[in-house]
Amino acid sequence: MTGAPPIVEMTGISISFPGVKALDAVDFRLFPGEVHTLMGENGAGKSTLIKALTGVYKIDEGQILVAGEERRFGGTADAQAAGIATVYQEVNLCSNLSIGENVMLGHEVRGPFGINWKATHRAAADVLATLGLEQLDLRRPLATLSLAIQQLVAISRAMVTKPKVLILDEPTSSLDANEVANLFTVIRRLRDQGVAILFVTHFLDQVYAISDRITVLRNGGFVGEYPTRELDRTTLISKMIGKDFATLRSLGSERQSHHYEPRGEPLLKAEDLGRKGSSEPTDLELHQGEVLGLAGLLGSGRTELARLLYGADKPDSGTVWLRGKKTDIHNPTAALAHRIAFSSENRRDEGIIRDLTVRENLVLAVQAKRGWFRPLSRKEQDALVRKYLTELNVRPADPERPIKFLSGGNQQKVLLGRWLATEPDLLILDEPTRGIDVGAKAEIQAAVAALAAKGVAVVFISSELEEVVRLSDRIIVMKDHRKLAELENGPHVTAETIVAVIADEGDDEEGDSE
Amino acid sequence: MTDVASRLAARRGAIVRNQAFWGVIAIVLLLAVNVVADPGYLSIGYNSGHLSGNLIDILRASAPILMIAVGMCLVVATGGIDLSVGSIMVVAGAVSMELLSGMDGTTGDAALTLAIALGIATVLGAVNGVLVSVVGLQPFISTLVMMLAGRGIAKVITGGQNTTADNDSFAWLANGYVLGVPVVFLLAIVIVVLVALLVRRSALGLMLEAIGMDSRASRLAGVKRRSLQLTVYSVSGLLAGIAGVFATASVMTVDVSRTGYQLELDAILAVVIGGTSLAGGKFSIGGAVIGGLLIATLDKTVVFLGVPAAATPAFKAIVIVVLCLLQSERVRSLFRHRRALRAQSQKEAVAA
Chain A
1 MTGAPPIVEM TGISISFPGV KALDAVDFRL FPGEVHTLMG ENGAGKSTLI KALTGVYKID
61 EGQILVAGEE RRFGGTADAQ AAGIATVYQE VNLCSNLSIG ENVMLGHEVR GPFGINWKAT
121 HRAAADVLAT LGLEQLDLRR PLATLSLAIQ QLVAISRAMV TKPKVLILDE PTSSLDANEV
181 ANLFTVIRRL RDQGVAILFV THFLDQVYAI SDRITVLRNG GFVGEYPTRE LDRTTLISKM
241 IGKDFATLRS LGSERQSHHY EPRGEPLLKA EDLGRKGSSE PTDLELHQGE VLGLAGLLGS
301 GRTELARLLY GADKPDSGTV WLRGKKTDIH NPTAALAHRI AFSSENRRDE GIIRDLTVRE
361 NLVLAVQAKR GWFRPLSRKE QDALVRKYLT ELNVRPADPE RPIKFLSGGN QQKVLLGRWL
421 ATEPDLLILD EPTRGIDVGA KAEIQAAVAA LAAKGVAVVF ISSELEEVVR LSDRIIVMKD
481 HRKLAELENG PHVTAETIVA VIADEGDDEE GDSE
Chain B
1 MTDVASRLAA RRGAIVRNQA FWGVIAIVLL LAVNVVADPG YLSIGYNSGH LSGNLIDILR
61 ASAPILMIAV GMCLVVATGG IDLSVGSIMV VAGAVSMELL SGMDGTTGDA ALTLAIALGI
121 ATVLGAVNGV LVSVVGLQPF ISTLVMMLAG RGIAKVITGG QNTTADNDSF AWLANGYVLG
181 VPVVFLLAIV IVVLVALLVR RSALGLMLEA IGMDSRASRL AGVKRRSLQL TVYSVSGLLA
241 GIAGVFATAS VMTVDVSRTG YQLELDAILA VVIGGTSLAG GKFSIGGAVI GGLLIATLDK
301 TVVFLGVPAA ATPAFKAIVI VVLCLLQSER VRSLFRHRRA LRAQSQKEAV AA
């Protein structure tokens with residue numbers, strides 16, 4: 001990348017929406033053969049900048065040079081013609097078509113009798129080969145592939161037009177560590193072929209693992225462009241959130257000082273709790289005021305276990321004692337009545353109700369618990385909403401706005417408020433910090449720590465092992481739908497400890513998992 | 001000044017986007033057409049203690065439609081549909097006429113009959129509810145079965161005959177007047193207001209919308225989907241039963257093949273015209289009422305203008321298609337675009 005002129009050069013880009021300046025004089029450069037990460041909190045303007053580059057938005061001011069030529073993008077087709085390809089966070093492929101058909105969709109090779117499928121598949125194979133994916137079977141229907149492989153297929157599809165610039169918008173948000181490693185191999189390969197790659201992610205580890213340079217945005221403004229090796233994490237985060245790192249750091253220490261020794265009768269005790277096909281029988285104890293971490297790879301059965309505890313799925317084996325009394329929790333209504341709350345990992349489909357307002361979303365669980373014939377008065381609702389919007393720092397703090405217009409992090413905070421409003425004794429949080437920005441993440445972690453200090457038992461599930469280690473008093477490690485180990489947290493436990501537990505087990509029972 | 005103007009424009013925009021607004025416009029237009037045909041159309045007469053005239057007839061005719069439209073509105077809010085309301089109407093009518101024809105004609109008999117007929121209608125609605133919420137059948141199929149079965153049940157009850165009965169108290173429900181206004185319309189309005197209060201003053205409305213928008217998320221939030229669906233389908237059955245009583249009491253005859261026939265479609269139309277999406281979620285009872293009034297006006301207009309019976313469905317269809325087009329945001333933006341283009345070309349013409 002040394003000496004070569006930038007393939008993309010954006011200078012002084014400004015974009016305004018009615019009432020908001022989404023981007024204010026932002027500069028951005030992208031060189032051939034580099035991986036460049038765009039960093040910033042939700043709402044910092046990352047998506048807007050990407051959309052300016054892909055022709056979705058028209059720029060109000062500034063100029064875009066692609067390969068030294070000034071471009072005015074009237075739409076996405078113009079950007080594509082200029083050699084800019086994009087892979088979005090949500091995989092946009094047809095699950096009923098085969099890999100080959102998906103890769104070549106819209107670029108099928110045509111012969112005298114319509115589409116020449118043989119040549120089309122050959123072309124698809126060529127593209128996959130350049131990405132080092134020749135082992136994939138072109139005829140397999142997409143639906144049979146894991147999300148991670150689908151993501152790779154989506155990238156292959158973007159590479160069909162041989163773009164000079166590839167934009168990857170949060171490609172890793174639903175992948176586990178192994179799958180991320182595979183994806184990175186492919187990204188490095190493309191980089192070495194001279195493709196300029198713009199990468200957006202919320203995972204700091206990944207930023208440092210893959211990117212050569214970082215551009216930081218904050219509140220629509222340009223903060224700076226840095227070579228990755230010259231910017232340590234603390235500085236990066238403080239540049240993103242615009243204040244020093246002390247807030248984040250004090251959180252970790254607060255939690256360690258609160259390390260809780262379980263005593264007395266457990267709040268919840270489960271024996272042989274399980275469900276055929278989703279969760280092996282598991283024993284579990286939970287005490288007031290402790291944070292129990294559930295760690296493990298995606299698909300290890302963490303979510304399934306949490307759903308059994310809440311009655312979201314009906315257990316078919318085992319017994320649960322709640323406060324020493326045998327209790328049957330067979331559906332969410334029963335769980336809420338027993339002061340158990342559960343926040344699903346699937347925020348979009350099982351969390352928020354998109355078309356309801358922030359207020360309605362927040363009071364929904366409390367209202368459901370009371371029954372519809374005992375409505376909360378508007379005053380009570382407003383009081384609840386005001387309390388949690390302030391406490392959890394939801395922005396914008398407008399209760400009457402439909403929740404779909406809030407950013408992911410703020411939606412998550414409203415959901416947290418929904419469950420807190422039911423005053424639970426046991427709160428189960430499944431991936432509460434996935435796909436949200438650093439600031440919101442820190443606020444949610446702080447809320448969890450504060451809850452535990454107040455005596456609430458929290459079950460905390462996260463794919464980010466560091467987060468689990470930082471917050472939990474005890475950690476249950478899961479694999480293949482069963483409990484692998486239970487660790488007392490302490491100074492000796494780190495993310496590596498957990499990885500070692502999972503890996504060791506794999507060595508002992510080679511081939512058991514497949 | 002411009003500030004006021006822009007605020008006014010914004011308010012006008014909100015009104016125009018409100019789908020029920022177009023329903024009101026349609027009612028006014030239909031009435032205007034009738035006035036053109038007969039300048040005395042809107043006149044309201046007063047003789048022997050009650051009001052009379054075409055408008056009063058429309059109100060009277062709208063009562064059964066209002067009942068089933070409100071019930072339908074609640075069901076649609078949960079993301080369901082109730083195709084059986086017309087058939088439940090005829091069952092309630094058949095039960096009433098069959099019972100009354102064997103009685104003496106006292107007010108007590110009328111009250112007992114009313115209770116039994118409405119009870120049976122509610123049970124039929126509850127059967128729909130159980131099929132949908134407990135068994136998990138699709139609402140379309142469950143209520144389609146009830147739609148077919150209901151008319152069969154009515155025929156069994158009357159032995160296939162169009163039963164006629166005599167009971168002045170029962171007939172008063174449909175034909176009587178209070179303060180000069182038809183009882184049937186007053187009852188309909190009271191019931192609509194009660195339902196609207198129940199839904200909006202309690203949290204029922206929020207719960208129904210939550211189920212209709214996202215049934216998985218609302219289940220995890222502790223919303224009791226099953227019991228709410230059961231309630232809603234039962235209420236829809238009950239309201240259909242009331243509609244059936246209204247429809248049969250006016251002539252004191254149940255026509256097993258015509259009473260309530262295809263009225264489920266009118267109810268669905270009324271709900272949609274009122275701005276409630278068939279996909280479920282946000283619902284508007286006020287909108288459904290306007291939709292119901294429009295359907296009644298349309299029916300009366302068809303008769304008044306003497307549209308030939310064979311052409312009636314086509315006439316209705318045209319009015320409703322035009323209304324739906326007007327309500328469509330997309331069609332309106334197309335018109336706006338063309339207006340803007342024309343304005344521009346005029347300006348250019350002036351400049352040149």
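Going down the list, the sequences are from chains A and B.
For the first sequence, position 502 (counting from the first letter as 1) is numbered 502 according to UniProt numbering, and the numbering increases by one without interruption.
For the second sequence, position 250 (counting from the first letter as 1) is numbered 250 according to UniProt numbering, and the numbering increases by one without interruption.
Each residue gets a CB set at the ideal place from its N, CA and C atoms; glycine is no exception.
Given the structure is predicted, the values throughout are model-derived calculations rather than measurements.
Contact annotation: Gly-301 of chain A and Met-10 of chain A have beta-carbon atoms that are not nearer than 8 Å. For Ser-472 of chain A, the closest alpha carbon among the candidates A:Pro-491, A:His-481, A:Thr-235 is that of A:Pro-491.
Taking a Cβ-Cβ cut-off of 7 Å, the neighbours of Gly-222 of chain B in chain A comprise Pro-332, Thr-333, Leu-336, Ala-365, Ala-368, Lys-369, given in sequence order. Using beta-carbon distances, Leu-204 of chain B counts as an interface residue toward chain A, with a partner under 8 Å.
Within chain B, the residues placing a beta-carbon under 8 Å from that of Phe-342 of chain A are Leu-220, ordered along the chain. Only exposed fits Gly-108 of chain B, as fewer than 16 other CB atoms lie within 10 angstroms of its CB. In terms of Cα proximity to Val-109 of chain A, the closest of A:Ala-124, A:Asn-96, A:Ser-98 is A:Ala-124. A straight line joining the alpha-carbon of Leu-305 of chain B with that of Lys-404 of chain A spans about 49 Å. For Phe-460 of chain A, the enclosing beta strand (DSSP E) begins and ends at 457-461. Per DSSP, Asp-272 of chain A is one residue of the beta strand (DSSP E) stretching across 268-275. Under the Cβ criterion of 8 Å, Phe-17 of chain A is not counted among the residues facing chain B.
In the DSSP assignment, Ser-236 of chain B falls within the alpha helix (DSSP H) that extends over 225-249. The way I'd put it, the stretch 337-357 of chain A does touch the stretch 424-436 of chain A; three or more beta-carbon pairs between them come closer than 8 Å. Taking a 10 Å sphere around the C-beta of Tyr-46 of chain B, we find fewer than 16 other C-beta atoms and assign the residue as exposed. The alpha-carbon separation between Ala-171 of chain B and Lys-369 of chain A amounts to approximately 45 Å. Look at Arg-216 of chain B: its C-beta is under 8 Å from a C-beta on chain A. For a Cβ distance threshold of 9 Å, residue set Pro-375 of chain A lies close to Arg-201 of chain B, ordered along the chain. For Glu-61 of chain A, the pairing in a beta bridge is given by DSSP as A:Ser-14. Boundaries of the alpha helix (DSSP H) harbouring Gly-409 of chain A: 408-421, taken from the DSSP string.
With a threshold of 8 Å between beta carbons, Ala-500 of chain A makes no contact with chain B. According to the DSSP assignment, Ile-475 of chain A belongs to the beta strand (DSSP E) that extends over 474-479. Put simply, the CB of Gly-23 of chain B is far from chain A, with every gap to its CB atoms at 8 Å or more.
Within the stretch 89-117 of chain A, the complete alpha helix (DSSP H) segments at least 4 residues long are 99-104, listed from N- to C-terminus. Here Phe-342 of chain A is bridged, per DSSP, to A:Ile-428. Using a Cβ distance threshold of 8 Å, Ala-288 of chain B and Val-70 of chain B count as a contacting pair. Considering only A:Ile-149, A:Arg-470, A:Thr-48, the residue with the shortest C-alpha distance to Val-291 of chain A is A:Arg-470. Boundaries of the alpha helix (DSSP H) around Trp-22 of chain B: 19-37. A buried status is given to Cys-73 of chain B, since no fewer than 16 other beta-carbon atoms sit within 10 Å of its beta-carbon. Within the model, the alpha-carbon separation for Ala-500 of chain A versus Leu-362 of chain A is close to 40 Å. At a cut-off of 8 Å between C-beta atoms, Gly-351 of chain A counts as an interface residue with respect to chain B. Distance from the CA atom of Ala-4 of chain A to the CA atom of Arg-140 of chain A, rounded to whole angstroms, is 41 Å. By the Cβ neighbour-count rule, Ser-156 of chain A is buried, with 16 or more other Cβ atoms within 10 Å of its own. Separation of Leu-29 of chain B and Val-66 of chain A (C-alpha to C-alpha, rounded to the nearest whole angstrom) is 58 Å.
Contacts with chain A at 8 Å (Cβ-Cβ) include Gly-281 of chain B.
Nearest CB-CB separation between Arg-72 of chain A and chain B: not below the 8 Å threshold. Glu-209 of chain B belongs to the set of residues whose beta carbon lies under 8 Å from a beta carbon in chain A.
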